[in-house]
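Enquirer: If you scroll down you'll find the structure; I have some questions about it.
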Amino acid sequence: MRLDNMLIAEGVAGPEKGGGVGAAANASAAAGAGDSAIEHSDYRAKLGQIRQIYHQELEKYEQACNEFTTHVMNLLREQSRTRPITPKEIERMVQIIHKKFSSIQMQLKQSTCEAVMILRSRFLDARRRRRNFSKQASEILNEYFYSNLSNPYPSEEEKEALARRCSITVNQVSNWFGNKRIRYKKNIGKAQEEANLYAAKKAAGEGASPYSMSGTPGPMMSPPPGDESSMGGYGMPGMNGSGYSGALGYDLHPESPDV
DNA sequence: GGAAATGATTTGGG
DNA sequence: CCCAAATCATTTCC
Numbered sequence: 001m002r003l004d005n006m007l008i009a010e011g012v013a014g015p016e017k018g019g020g021v022g023a024a025a026n027a028s029a030a031a032g033a034g035d036s037a038i039e040h041s042d043y044r045a046k047l048g049q050i051r052q053i054y055h056q057e058l059e060k061y062e063q064a065c066n067e068f069t070t071h072v073m074n075l076l077r078e079q080s081r082t083r084p085i086t087p088k089e090i091e092r093m094v095q096i097i098h099k100k101f102s103s104i105q106m107q108l109k110q111s112t113c114e115a116v117m118i119l120r121s122r123f124l125d126a127r128r129r130r131r132n133f134s135k136q137a138s139e140i141l142n143e144y145f146y147s148n149l150s151n152p153y154p155s156e157e158e159k160e161a162l163a164r165r166c167s168i169t170v171n172q173v174s175n176w177f178g179n180k181r182i183r184y185k186k187n188i189g190k191a192q193e194e195a196n197l198y199a200a201k202k203a204a205g206e207g208a209s210p211y212s213m214s215g216t217p218g219p220m221m222s223p224p225p226g227d228e229s230s231m232g233g234y235g236m237p238g239m240n241g242s243g244y245s246g247a248l249g250y251d252l253h254p255e256s257p258d259v
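Count the first sequence with UniProt numbering and you get residues 1 to 259, in order.
Put into structure tokens, the structure is as follows:
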């Protein structure tokens, strides 16, 4: 019913996917804006584990059910010597057994669903895998922010430029400015120091080049001496060993973290 | 270990 | 869409 559909939708039940668990070796980290590729393979690996356990258990139940059924059949056959037993009665017995076992399977399915839900919330919520930006990125963003304090709203192009220089996404730049604005406003008194600090830094670093905001937002501004915007992001997230323990003995042992 | 800092998301308004 | 504000979850610093 619902649970089945959900499990199929999540890829736990249903058609077997290719090589199964160990077939998530995706080593193509697109240079551009590829941000949701690596986390996905990790997610799938864990999902594969869940699927494996699920099928294992399912099979076990199936087997147990069959064994129990034949056992009961034997008992009935034995009894048939002392009293007449109709085929209908046997069939009813079998049905009762199957019903019982299917309810047990239901439990398995439900706890599997729960496990998937937990997994989803663990991996799909980016808040849980937050990483601080690099020092340089913060520098760049702060520079812009305090240089344009009167209007700290970078246009789309400016955001893109900042994103490139910081090796982060445009969305992250937007987030950063959203956070920065609100948090700057919250305590202006204290942040003022920071403003001065960055203003001074600016003046010292650039000498006579007031690219504040009046003129064109030239995309060719020369960065300060210590630029180096390559540096390939900020490394792979360590992915602390979550080890969620589901209701029914699901336990994803902390796997070796590498791609 | 707890507080502060910080990045990301949700909510609500335009 | 973008933004502000509130909130969440994690990292960093003490």
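C-beta: ideal position from N, C-alpha, C; glycine also. This one's a predicted model, so the numbers in the text were calculated from it and none came from an experiment.
Distance, Cα to Cα, His55 vs Gln49?
Expert: For the purposes of this step, residue 55 is identified with residue 55 of the first sequence, where counting begins at 1. For the purposes of this step, residue 49 is identified with residue 49 of the first sequence, where counting begins at 1. Cα to Cα, His55 sits roughly 10 Å from Gln49.
Enquirer: Express the C-alpha separation of Arg122 and Glu139 in angstroms, rounding to a whole number.
Expert: Mapped onto the first sequence, residue 139 falls at position 139. Mapped onto the first sequence, residue 122 falls at position 122. The straight-line gap from Cα to Cα measures roughly 30 Å.
Enquirer: May I ask you to verify whether the stretch 76-83 touches the stretch 105-121, counting CB pairs closer than 8 Å and requiring at least 3?
Expert: Cβ pair count under 8 Å is below three, so no.
Enquirer: With three or more beta-carbon pairs closer than 8 Å as the criterion, would you say the stretch 124-144 touches the stretch 93-113?
Expert: Contact between the stretch 124-144 and the stretch 93-113 is absent, because fewer than three Cβ pairs lie under 8 Å.
Enquirer: Check this for me: beta carbons of Val124 and Tyr144, under 9 Å apart or not?
Expert: Mapped onto the first sequence, residue 124 falls at position 124. Mapped onto the first sequence, residue 144 falls at position 144. Note on identity: in this sequence residue 124 is Leu, with Val being the wrong assignment. Going by C-beta atoms, Leu124 is not nearer than 9 Å to Tyr144.
Enquirer: Between the beta-carbon of Lys159 and the beta-carbon of Phe133, is there less than 9 Å?
Expert: If you number the first sequence from 1, residue 159 lands on position 159. If you number the first sequence from 1, residue 133 lands on position 133. Result no, Cβ atoms of Lys159 and Phe133 do not sit closer than 9 Å.
Enquirer: Near Tyr43, which residues of its chain fall below 6 Å by C-beta distance, leaving aside the five closest residues on each side in sequence?
Expert: Residue numbering aside, residue 43 sits at position 43 when the first sequence is read from its first letter. Cβ within range, chain order: Phe123.
Enquirer: Where does Ile182 land, buried or exposed, given buried means 16+ other C-beta within 10 angstroms?
Expert: Here residue 182 is taken as the residue at index 182 of the first sequence, counted from 1. Ile182 should be labelled exposed.
Enquirer: Would you kindly report the start and end of the unbroken alpha helix (DSSP H) that includes Tyr184?
Expert: If you number the first sequence from 1, residue 184 lands on position 184. Residues Val170 to Lys186.
Enquirer: Within 10 Å of its beta-carbon, does Ser155 have 16 or more other beta-carbons around it, so buried, or fewer, so exposed?
Expert: Residue mapping note: residue 155 aligns to position 155 of the first sequence, counting from 1. It counts as exposed.
Enquirer: Assign Ser167 to one of two classes, buried (16 or more other C-beta atoms within 10 Å of its C-beta) or exposed (fewer than that).
Expert: Within the first sequence, residue 167 is the residue found at index 167, counting from 1. With 16 or more other Cβ atoms within 10 Å, it is buried.
Enquirer: What separation, rounded to the nearest whole angstrom, lies between the Cα atoms of Glu7 and Val94?
Expert: Translated into positions along the first sequence, residue 7 becomes position 7. Translated into positions along the first sequence, residue 94 becomes position 94. Just to set this straight, residue 7 is Leu in the shown sequence, not Glu. If I take the Cα positions, the gap works out to 27 Å.
Enquirer: Can you check which of these residues, Thr169, Thr69, Glu62 and Pro152, is closest to Ala137 by C-alpha distance?
Expert: Position 137 of the first sequence, counted from the first residue, corresponds to residue 137. Answer by Cα proximity: Thr169.
Enquirer: Any idea what DSSP makes of Ile85, helix, strand or coil?
Expert: Within the first sequence, the letter at position 85 stands for residue 85. In this structure, Ile85 counts as coil in the three-state DSSP scheme.
Enquirer: At what residues does the alpha helix (DSSP H) containing Tyr153 begin and finish?
Expert: Numbered from its first residue, the first sequence carries residue 153 at position 153. Unbroken run through Tyr153: none, as it is neither H nor E.
Enquirer: For Gln52, count the other beta carbons within 10 Å of its own beta carbon; 16 or more makes it buried, fewer makes it exposed. Which is it?
Expert: Taking the first sequence and counting its residues from 1, one reaches residue 52 at position 52. Exposed: under 16 other Cβ atoms inside 10 Å.
Enquirer: May I ask you to report which of helix, strand or coil DSSP gives Ala13?
Expert: As a position in the first sequence, residue 13 is number 13, starting the count at 1. Note: Ala13 maps to coil in three-state DSSP.
Enquirer: Would you call Gln172 buried or exposed, if buried means 16 or more other Cβ atoms sit within 10 Å of its Cβ?
Expert: Your numbering for residue 172 matches position 172 in the first sequence. Gln172 comes out buried.
Enquirer: Pro87 to Met117, Cα distance in whole Å?
Expert: Your numbering for residue 87 matches position 87 in the first sequence. Your numbering for residue 117 matches position 117 in the first sequence. Using only the alpha carbons, I get a separation of about 45 Å.
Enquirer: Please identify the residue among Glu91, Gln63 and Asn66 whose C-alpha is closest to the C-alpha of Leu76.
Expert: The residue you call residue 76 lines up with position 76 of the first sequence. Among Glu91, Gln63 and Asn66, the Cα nearest to that of Leu76 belongs to Glu91.
Enquirer: Could you check the C-alpha separation between Arg2 and Thr70 for me, to the nearest Å?
Expert: Looking up residue 2 in the first sequence gives position 2. Looking up residue 70 in the first sequence gives position 70. Taking the straight line from one Cα to the other gives about 31 Å.
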